[in-house]
Each structure stands twice: as structure tokens, then as C-alpha cells.
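The listed protein sequences correspond, in order, to chains A and B. Its first residue numbered 2, the first sequence is counted upward by one per residue in the numbering used here. Its first residue numbered 2, the second sequence is counted upward by one per residue in the numbering used here.
2 protein chains.
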Amino acid sequence: MLVVQKYGGTSVADAERIKHVAGRIVRRVRQGDQVVVVVSAMGNTTDELIDLALQVTDDPDPRELDMLLSTGEQVSIALVSMALRALGQEAVSLTGTQAGIYTRPTYGAGRIIRVDTARIRFELERGRVPIVAGFQGATEDQEIVTLGRGASDTTAVALAVALGAARCENYKDVEGVYTADPRIVPTARRLSEITYEEMLELATQGAQVMHNRAVELASVYELPILVTSSFVDAPGTLIHGGPLMEERNRVRAIAHDTDVAKITIRHVPDRPGIAAQIFEPLAEAGISVDTIVQNASEANLTDLTFTVATKDLRRAEALMPAICEAIGAAGYSTDANLAKVSIVGTGIQTAPGYAARMFRTLYEHGINIEMISTSEIRLTCIIKKDRVEEAVRALHDAFQLESRDEVQGTG
Amino acid sequence: MLVVQKYGGTSVADAERIKHVAGRIVRRVRQGDQVVVVVSAMGNTTDELIDLALQVTDDPDPRELDMLLSTGEQVSIALVSMALRALGQEAVSLTGTQAGIYTRPTYGAGRIIRVDTARIRFELERGRVPIVAGFQGATEDQEIVTLGRGASDTTAVALAVALGAARCENYKDVEGVYTADPRIVPTARRLSEITYEEMLELATQGAQVMHNRAVELASVYELPILVTSSFVDAPGTLIHGGPLMEERNRVRAIAHDTDVAKITIRHVPDRPGIAAQIFEPLAEAGISVDTIVQNASEANLTDLTFTVATKDLRRAEALMPAICEAIGAAGYSTDANLAKVSIVGTGIQTAPGYAARMFRTLYEHGINIEMISTSEIRLTCIIKKDRVEEAVRALHDAFQLESRDEVQGTG
């Protein structure tokens, strides 16, 4: 079978780890599989290169920043290929340009428009393992474009789709997707499988396992992704389209995120067009708004609350006086000491009792709920930041996530 | 006028120096010149990348090593271009591939076979300064190939020739070519001009100013090269085809090199084919032999002495027993504590008195001459290493190199 394996920056952080990764790849090839490898830059290389650029100028030109950053993955692919050859395995490193990954000319945020797989197939036919630079592609004019932070995952999924691979394997410094952060909940359990939608909700709600764009792309093409460890042999977590073969406890995992600040606008006139007047200036300033809550109002006045990343709070706050004046609101207040805690699982909104159990659990621990938001497969409460670890543990316990046996997914 | 400027690794070693270089380039463009820039990797980047490769494998694959090393220059070009743009000067970095530098597919030792200047000309016409990665090119199949150590000089000269530039300017951490190493001879004087041949002899004899391949290429196409400082405004040294406009003291400079070891083979039978039997095994082992001296012999037996770089002595010595046996020589001896000191200047061999003055100067200082070799424009004595600085100072003094006025060359 043909598989695409992706190794993240931690897995190739130094020469020893690179040799370890090479050993893994060789064993896989000797089992009879065809393997295409995608690698990220070593360790913190990308951040170090950005620091270097910022020493030269406060505002690096986007094309030149891409020219700079793309060297990080180029170093990794060369070293991984060398390590494979040192083990007697024919291999060939390919830059994004050489691998035929074509993108739009939007520097720093390239979107893959097509993959010309001719070179990769040629190398596979010669018995070579292609080692492809993640995170980068080229325009039709051979200009180097990067795909945005964390986008090596996207490169791997796009290659797997274009090559018709059986699946994409994502090797990381964790053993898979867990029912909660194991650093907070010692009894957290690895999930053997999870749906694309659940993974997207978990990622959006703070679980840093897979890049969302990659999961979305895999979902569209129904490509299974295995998330597993590059350090130990572990069965990992299979992300696929479902149905899940596990028993039907619909809560799959607890996600949390401590990067939450809220702004409340008081006494907002309740008339059409108000929301646009509030959120357009924020969007123009490049500030992403997460949860928005507006209560039903009396006397045509309401309070409207929304959350932003803490790093964006100061810039968002600077826009507030003008916004309040424009819409005729009474004023605003902010709180930067918040966190989100979410339960995620297919079907929790349609099944009774999950929301009630979440609210009761938090209540029993004396944790106040500041805001609530929901999706089809998620229920999120915004609470004080200093209570979030307790909330995660309490919810993991209340939904009995540590105890369930799982059936191994097959993909 | 169109000029190609080349900045070496020391000149772009950190963000501050890169900004300084950018300032220089901008001033030149504002004077009305068209500038194409070639840069090396920052500081010791190339050595650091080689170390990294050697941590992964003792014997890195040459293609993958080129993939790795080429990132060094790619980082520099991106940063220099950013720095120019930060100063309001349009600029665009170009990898060797993008710049149209085509090479043979001999990884690690690429030779430039042609330069497609279309992209560079296109950028110049748009008013942009092209910043080209030195030391690298691509095959017709877009495989990345490096040109060998120090070859960024060659990239610059090749581009200047292909573009029909008025000259190539080589910016370094020295102010030009000196009559001797200023660290040894405080009165050493910068030469305002020097011929290609003199420069080649100086470089071969130990002066590390310009890469020989670059000087040879410039000589073939009669392209003037200015060697000057990137740190201070200095008139530099113009390397050109002559004739020199200076007064006719034919000794131009004193070169020295302490990286010299000799091997003497005793009682070599004086018959045809002997030299091949000695030097072919050394060539096959990749050992470069420098000076070879064989005296006229009596009784069909002679002593033959040759020099190698000190790093090659051990490997050369290992070949000697077999060679001596094959040719029927009596044995061999070695000496690793030697140095070369040379006087260089067009016409010194045909003019009387220079050799005599050199020998007398060394004699008066009690410095023994172990070997002598000559070329059209050079006279070299091999002496004990611990006397070389004294010899350089004595010869600089004897040939009055500190005192002469020069006429500024114009190229």
C-alpha cells in the first residue's frame, strides 16, 4: 500500500531524532509499503528564522519571508534523505517546487491549487523514498510560497489525496488524540478513532494535534489520517468519516483553551445592522472573534459579549470607544482572565442530558459559567481561567471518559 | 553602468551587517547605476550545515549535501532583499535556480555551463535589485548543485560576464590586495591594481583574497574585478588584464603560505615513466601536489622532492612505501614544518636581479632555502615555517614595497 508519512518539527529536532525517523521509514519500506515522507522544519527553526528577519526589518516583505522560511524544511528533507541513504535505503529530497506542489501567489498564506505528482511517481518507481518539504509550494512562475503556520499537515494530506494513498500518517510527539490533555487529567485515554468533525471541533477548541485545514481537506476527500507517535510504537488515533465502531457514549473528549479574553458591550440598541457595525471594524483590523453571545432583550436594549484571543485584546479594546459611540451603546467592559472548556462528540446536541450534566458538574464544583456556546457536536462553557484545570478533570470524570473500552478502528 | 556586486560571508554575518550592506547598495543605485548583487551564506553557516550533516552520517550523499548547503545562501538573499525593501528600494531575491544559473550535474563541484539572464534582466527593467544566491546553480532538471567552496566569487564573475556588466565588485573584510599580509608587515601597502596573472599567482601562493576560478574566468572574458571593503569606503584593488599604470618595480607583492609539507624520495632511478609511477597514485587518492623539484642526477639516481598541503601529508605518506618499492627508490623522508614565501610580479623572471636579491635577503637573515620554484611571474622559496614571518618582512623591505606611489587604476 502507498502511505504518506508526515513528521513534525519535534520528531526531526536533531540528528539523533532524524536517524530514528529514518529507521522507522526503512522498516516500513521493508514491510513492502510504498512511502512518501513529508517533513517540517527542525524544532524551533521557523521561529528562529522569523526572529532573524525581524532583526533586519520590523516588516519583512512577504515574498522574502517565504524565501527565508522555506529553507527550514529544505534543511530537514536533505538530512532525512541522507539518513535514509546511510541506512542503505535509496531516497531523494524534494523541495515544494521540485515535488510539484503548486500554490496561489499569496505569500505566507498559499493555498495548494494542484499537485503534479510526476516527479514523486518517477522516484517511487525507481524504488526511492521521496522526502518532500512540507509547508511550501511554488507558483507557476517558480516563486516560493509558504502555506501558513502548521501547514505541513496540509502538504501531507494534499499529497496523499493526489497520489491516491491509502492514508496519511501524522507522526508527532504525542501518541494520538486524547479524551483530555494528559498533563491535566492523568487518567485521560487515547481515542482509537475519531470523526473529522469531532477532530475539527477539538482543534478549534484548543487541542493542538492536527492543523484544521489538513483535517478539512482529508474530510472532503475521505482520506483517513492516523495520528501517532514518532518516538514509540503506538497504535495512535485514526481520524476518519465514521461511523465510529465504539460504544455510544457520545462525549468523545474534553477540550480546553486558556487563550480567551472577552469584551461586553452594554445597552446595545436592538436594531438591524448593529452586529455589522461592531464586527466589521474588528475584521478590518485582522482580529478574529470567536464566541459571540447576545441575549434576548427588553426595551430594545441588549448586552452583547464576544471573545478574542488574549493577544488581540488590547487592539480590540482600542476600537471599542468609537464602536460604542457609533452604535449608541452605554459602554463596554473587558476580562482577560477567561478560559474555554468544551465537551465534543457527534450527536451530543440531539441527545438529551449532556448539556445538563455539563452544567451540573461545573455547578457542583462551584465554577461559574460566564458564557455558553454550542455547535452540532460541541458544547462550550467560558469560565474563569484559574478554574479551568479543575473543570477539565471534573468533566472527564463526570462523562466517565477514562473507563471505556474501545474497538480498534481500521480505516 | 551595470555592475555586479558580491558580498562575502563576513559582510553579511549578522543582521546589522546586512543592513549596512543594504545601505551601500541603495546609495549605489541612487547614483544611477544598475546593480546585481551576489551574496554568500552568513558567517560560518556553511561549516555549521556540514557539521549537521556529519552528525547524521559520516558520508553524506553529495546531492543531499547540496540540497542542504544551498539553504545558506537562500537565507542571505532573503535577508538582504528584505533589508533593501525596508530602505524603500525594490529588490527581489533569486535562488541559483531562479537566477538561471545552469550547471553540470556534478554535485558539490558544479561547473556553470550557461546563464539564462532573462529573469535578472526582467527584474532590472522593473527597477528591482536582483539579489542572487552565490555558490549554487541548477541542472536542466532543476536539481540543485553547489559550485564548490568559495565559488560565490565565480557566480559573481559569471553573472557579470553573462550580463555584459562593466565590472564585478567583490566586497570583503579587507580593503583590497596588499603587498604582503598586513598582519605580518605593518607597512604593507594596498595595491591599486594588479593583473589577473599576478592575482592568480598570489592566490595560489597563499593570499586568500579571490577564488582562483573566478579570476581565471574574469581573465578569459577580460572582466575587471574590484576587490574592496564592505565595511569602510576604500578605493580597493582593481584586477584587470594590464598593462599596469604604475611605475615599473616589477615585484608587486610578497605572498606566503604556512600550509606546506614536503616528501623527499631518495635515490630515484632516472628513467622515463618514473614521475607517473610516483604521482598517479597520489592523484588517484585525491592528493594535490604543489611544487615538484628534481635535481639533475649522476649515476642515474636522483632525489625527488614534492610538497603537499599539511592535511594531506599523512595520507600521502601512507602511499610512499608501495611507491618506493615499485620504482626501486632507496626510501623517503618527510618534513611538515615548512612554509612558502614568494615574490610575485609580471616580468620578474625576464628581468635580472630579482632572484639574486631574494636569495641574498634570505641569506642575510640566516634563513635556509630548502627548495626553489619559479613561474613566469613568481619566484618561490620553501623555508622553515618558524622563519616565514621574518622572511616576508625582510623581502617586503628589500623590494621597497611600502614606499612606492601608485597611479589609480581605472578599469
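In this text, a Cβ means the ideal position worked out from N, Cα and C, and glycines have one as well.
For the pair Pro187(A) and Val37(A), the CB atoms are not nearer than the 8 Å cut-off. Chain order gives the chain A residues near Gln56(B) as Ala16, where near means a beta carbon separation below 7 Å. Here Val186(A) carries a coil assignment [DSSP, helix/strand/coil]. For Arg18(B), same chain residues with a beta-carbon under 7 Å away, outside a window of 5 residues either side, are Ser12 in chain order.
Rounded to the nearest whole angstrom, the CA to CA distance from Ala395(B) to Ser404(B) is 14 Å.
For Asp336(B), the enclosing beta strand (DSSP E) stretches over residues 332-345. Judged by DSSP in its simplified three-state form, Gln401(B) adopts coil rather than helix or strand. Ranked by Cα distance from Ala84(A), the options Ala54(B), Tyr172(B), Lys341(B) are led by Ala54(B). Residues of chain A with a Cβ closer than 7 Å to the Cβ of Ser94(B) are, in chain order, Glu65, Met68. It is roughly 19 Å from the alpha-carbon of Gln209(A) to the alpha-carbon of Ala392(A). Look at Arg115(B) here: in three-state DSSP terms it is strand.
Proximity of chain B to Met83(A) at the Cβ level (cut-off 7 Å) is accounted for by Ala54, Val57, Thr58, Pro61, Asp62, Glu65, in chain order. In this structure, the beta-carbon distance from Glu91(A) to Gly128(A) falls below 8 Å.
Among the residues facing chain B, Ile78(A) is included, as its CB has a counterpart in that chain under 8 Å away.
The Cβ of Lys20(B) sits closer than 8 Å to at least one Cβ of chain A. No Cβ-Cβ contact shorter than 8 Å links Gln137(B) with Val345(B). Pairing Ala166(B) with Val39(B) gives a Cβ-Cβ distance that is not under 8 Å. In the DSSP annotation of this structure, the continuous segment of the beta strand (DSSP E) that includes Ile264(A) starts and ends at 254-270. Within a 10 Å sphere around the beta-carbon of Phe123(B) sit fewer than 16 other beta-carbons, which makes this residue exposed. Annotation for Val22(A): no beta strand (DSSP E) segment contains it, though the alpha helix (DSSP H) segment containing it runs 16-31. Apart from the 5 residues on each side of it in sequence, Thr47(A) sits with its Cβ closer than 7 Å to the Cβ of Leu70, Gly73 in its chain, given in chain order.
Annotation for Glu199(B): no beta strand (DSSP E) segment contains it, though the alpha helix (DSSP H) segment containing it runs 197-205. Out of Ile264(A), Ser374(A), Gly354(A), the CA that lies nearest to the CA of Ile324(A) is found in Ile264(A). Below the 9 Å Cβ cutoff, chain A contributes Ser71, Thr72, Gly73, Gln75, Val76, Ala79 as neighbours of Thr72(B), in chain order. Here the C-alpha atom of Ser82(B) lies approximately 53 Å from the C-alpha atom of Gly354(B). Put simply, of Gly329(A), Cys382(A), Ile121(A) the residue whose alpha carbon is nearest the alpha carbon of Val342(A) is Cys382(A). Rounded to whole angstroms, Ser230(A) and Val252(A) show a C-alpha spacing of 24 Å. The three-state secondary structure of Gly138(B), taken from DSSP, is strand. Scanning chain A for C-beta atoms nearer than 9 Å to the C-beta of Ala87(B) yields Val57, Thr58, Asp59, Asp60, Pro61, Asp62, reported in chain order. One alpha carbon belongs to Ile195(A), the other to Pro244(A), and they sit about 9 Å apart. For Leu380(A), the enclosing beta strand (DSSP E) stretches over residues 379-385. By alpha-carbon distance to Asp142(A), the top candidate from Ala256(B), Ala119(B), Ser334(B) is Ala119(B). Residues of the same chain with a CB within less than 8 Å of the CB of Asp387(A), apart from the 5 flanking positions on each side, are Asn338 in chain order.
At a cut-off of 8 Å between C-beta atoms, Gln99(A) counts as an interface residue with respect to chain B.
Judged by their CB atoms, Thr96(A) and Ala134(A) are nearer to each other than the 8 Å cut-off.
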